[in-house]
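Inspection log for the structure reproduced underneath, given as structure tokens.
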RNA sequence: GCCGGGAUGGCGAAAUGGUAGACGCGCCGGACUCAAAAUCCGGUUCUGGCAACAGAGUGAGAGUUCAAGUCUCUCUCCCGGCACCA
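Residue numbers (this note's numbering): 20 to 888.
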């Protein structure tokens, strides 16, 4: 029996969809119809091409889009390219190829691959962040931010990556190494563009509540914003010349009576003033030391706290006691005021520091009697705290804050962890800023001079300075102020890659608008995005930045919704195939997994070799796999992240050419829940491919309609089977449970295969149900079944709920909750009927022997449980 | 350390508190074939039994319930994130 001709079918329908613009959404749509905006996180077109992870989310959104069209929605389902970015530029540095060329080449490969998967994108809305007609509006939004006072320049220590030749935002640096490329970074004081995302901290935090997003992502954003409520308290210094008060921030103002010393971050501006002459040497030495420590070291050494006494004292405003002022790098300069009041009785860090330097410790909250720890930060009653004594924490806080405010010693304050967003990069391949410098003063260009076009250059090498490669483009840099005609210089930094992706979903709505970013009328119809699918690696960066920009656009009345993405789903990553790994030492002897750590033998530190073995060579005992030939040896069994170095990367092109896009799409959705991390298994694709072949054989015969399809009235059983499937597939699609939807389609085919014929009407409805998942095959069969071209806008099969009710039901009979038998009864059967029938059952009788029935529980259509002793 | 999510056959998984393992992969047996592939039919959680059936079983332990993979508590391990944020 031959396999179905997926290659011919798929290229035929891809061509028809393209030629007929099947999925093109016209500019004028019937706005009375409901809308559905299904958005994918647009890809960065890398040189590697798609990997199997990309199509996972894209297939899901495509299935939903196709389903919604059939449900009568106007569906906006666009795609584009996030094409500015580092890899193309680094490739340019290496080879001299202009990033524009690399980008174009990569895009056409990505486009080819996406088209080969049969996604129903409206290709006429394709956008590209590197296109001047696109980035004109990215610049325009920057201008908006600038005009609203949300973009400013600041000279401050920023992360500088020598290897990449650029600064990076805090969130792009992990433990002192760049997220891209993993290069070491250092802090450098530089003048940079910064966006005031902190002004929006509260709005961004509150906005999360209403979003239908994964809880984990909302939580991550909350933590990132890091709101904490407390107080700012001013401590007057004693024996200091100027007597500038020290501002500290605390979330526990109620513990002020236990503040036995103050600590300033080494970077705090007051350090100099506070250091007494005798302490100058020691202090400057300490500051030098902590400057030299990278953040990585500071984090590594987090348990061992160091510090130095300034020689000065402050007055605790609550008890008027004189307390010493210290400097320590466990206090962060960037958070709060860069200074704290230390309450060692209530804070573990302060406790450790106080112990080390023998500073006094006073408890201000009564710990429970059995408390054995050091600092106590639990609930309790205030002690040693004068007028706060006897109050609980919440009451104490309230009372002390009003006391501080009355006496001008401080005030209630809310602090956020989030810092302003470092927005400039010393790169070439990014959006130029619409900024010129006239007499060294930055000036924003008026709208009519946008876009500022990225000049063509030949030398992409980082200049090693904050100027960036654009500083080589002398003709471009030297310009005149178009308004005053004065001599001017252009900004040589460019925007970070996040810029273009902060608002691209708005441009899809109105991609060719020359007059505005988006026409408000159309924007109002389409926004917000109804379904946004993309990886969880963007949980804070992209998703927070995009929300920030959107919120600013909302405040500026450019867009109609405060939040851009109503529902968000993260597809789980697809790992490589499941592997069994045997570790072997240099004598070629197997080493059991229990002795292995990081490819080394824990017993003698020998380097070990990985050897892939097959499932035939292992045996499972308990929850571990052992070597069959030596059952003492535990074998590692797991799936690894796909990576070039591991050699377990699956290329979708190969899968598609062997099994077709439909089988590929179906498999990716059948693997398991969309959100879940799951290992790839090429055998699984064979399974979905087999299923599609079954469908093909059942419905067609040599490219014609199969003789087993008959224009006859369907039998009741056939209709029931169909409607069970309609019900399941529809419900599952509404809940994005693609895997179980596919199971029920398979169950239908398994049943239909056993029928003596398939009524044409049923065949057609089934094809419609399958079509969002396997669109090419279904279009072909739809045509063969004699219907007009394209089923993309056919009405989704309607459920007849009366057909879900079966004539007879299977009842499980339990005795004390244990299954003892099954009976089949008419659906009208009463509890009494069922009890009678079950009591007649041999096995039930046997199990009820010598027992007294105490209670009978009946769950209609499901279970009868005898409770007996 | 803190936050979030998990743990179910050889594997991916399914299961409104109500028959655990649907569907698929793999494997075993059979049919077709000169043979193989493809296809079709049957079986497949483990243990005992020819079978009927019985016992055990959803990471571990306790609890609630007529009934727990599902609810509650304690613990272990895995994945993701954050981490001196006062």
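Idealized CB from N, CA, C, for every residue including glycine.
Which of helix, strand or coil DSSP assigns to residue i
{"i": "residue 889", "result": "Nothing in the structure corresponds to residue 889, since the chain is present only between 20 and 888."}
{"i": "residue 481", "result": "coil"}
{"i": "residue 421", "result": "helix"}
{"i": "residue 394", "result": "coil"}
{"i": "residue 431", "result": "strand"}
{"i": "residue 106", "result": "helix"}
{"i": "residue 326", "result": "strand"}
{"i": "residue 507", "result": "strand"}
{"i": "residue 131", "result": "helix"}
{"i": "residue 223", "result": "helix"}
{"i": "residue 33", "result": "helix"}
{"i": "residue 280", "result": "strand"}
{"i": "residue 42", "result": "coil"}
{"i": "residue 86", "result": "helix"}
{"i": "residue 204", "result": "strand"}
{"i": "residue 829", "result": "strand"}
Supposed close pair residue i, residue j - CB separation, criterion 8 angstroms
{"i": "residue 863", "j": "residue 881", "result": "No, residue 863 and residue 881 are not in contact; Cβ-Cβ is about 17 angstroms, not under 8 angstroms."}
{"i": "residue 268", "j": "residue 434", "result": "6 angstroms"}
{"i": "residue 305", "j": "residue 265", "result": "About 18 angstroms separates the two Cβ atoms, so there is no contact after all."}
{"i": "residue 842", "j": "residue 832", "result": "6 angstroms"}
{"i": "residue 592", "j": "residue 502", "result": "No, residue 592 and residue 502 are not in contact; Cβ-Cβ is about 51 angstroms, not under 8 angstroms."}
{"i": "residue 563", "j": "residue 223", "result": "7 angstroms"}
{"i": "residue 89", "j": "residue 812", "result": "7 angstroms"}
{"i": "residue 324", "j": "residue 371", "result": "6 angstroms"}
{"i": "residue 587", "j": "residue 236", "result": "7 angstroms"}
In DSSP terms, what residue i is bridged to
{"i": "residue 212", "result": "172"}
{"i": "residue 94", "result": "55"}
{"i": "residue 645", "result": "638, 653"}
{"i": "residue 250", "result": "269, 431"}
{"i": "residue 620", "result": "615"}
{"i": "residue 587", "result": "551"}
{"i": "residue 513", "result": "444, 451"}
{"i": "residue 598", "result": "657"}
{"i": "residue 255", "result": "334"}
{"i": "residue 197", "result": "192"}
{"i": "residue 720", "result": "723"}
Among the options, the one whose alpha carbon lies nearest that of residue i
{"i": "residue 778", "options": "740, 798, 270, 712", "result": "740"}
{"i": "residue 525", "options": "38, 57, 72, 23", "result": "57"}
{"i": "residue 64", "options": "869, 538, 118, 395", "result": "118"}
{"i": "residue 120", "options": "135, 102, 136", "result": "102"}
{"i": "residue 655", "options": "556, 611, 124", "result": "611"}
{"i": "residue 603", "options": "408, 502, 652", "result": "652"}
{"i": "residue 582", "options": "680, 196, 219, 115", "result": "219"}
{"i": "residue 72", "options": "630, 556, 759", "result": "556"}
{"i": "residue 46", "options": "132, 542, 421, 702", "result": "542"}
Length of the line joining the Cα atoms of residue i and residue j
{"i": "residue 362", "j": "residue 297", "result": "27 angstroms"}
{"i": "residue 98", "j": "residue 818", "result": "33 angstroms"}
{"i": "residue 150", "j": "residue 294", "result": "56 angstroms"}
{"i": "residue 515", "j": "residue 479", "result": "16 angstroms"}
{"i": "residue 49", "j": "residue 528", "result": "15 angstroms"}
{"i": "residue 686", "j": "residue 693", "result": "12 angstroms"}
{"i": "residue 674", "j": "residue 718", "result": "25 angstroms"}
{"i": "residue 250", "j": "residue 272", "result": "6 angstroms"}
{"i": "residue 290", "j": "residue 299", "result": "10 angstroms"}
{"i": "residue 448", "j": "residue 108", "result": "6 angstroms"}
{"i": "residue 714", "j": "residue 706", "result": "13 angstroms"}
{"i": "residue 144", "j": "residue 454", "result": "29 angstroms"}
{"i": "residue 512", "j": "residue 661", "result": "35 angstroms"}
{"i": "residue 442", "j": "residue 284", "result": "26 angstroms"}
{"i": "residue 519", "j": "residue 198", "result": "19 angstroms"}
{"i": "residue 147", "j": "residue 530", "result": "10 angstroms"}
{"i": "residue 731", "j": "residue 774", "result": "13 angstroms"}
{"i": "residue 140", "j": "residue 42", "result": "6 angstroms"}
{"i": "residue 466", "j": "residue 159", "result": "7 angstroms"}
{"i": "residue 402", "j": "residue 417", "result": "16 angstroms"}
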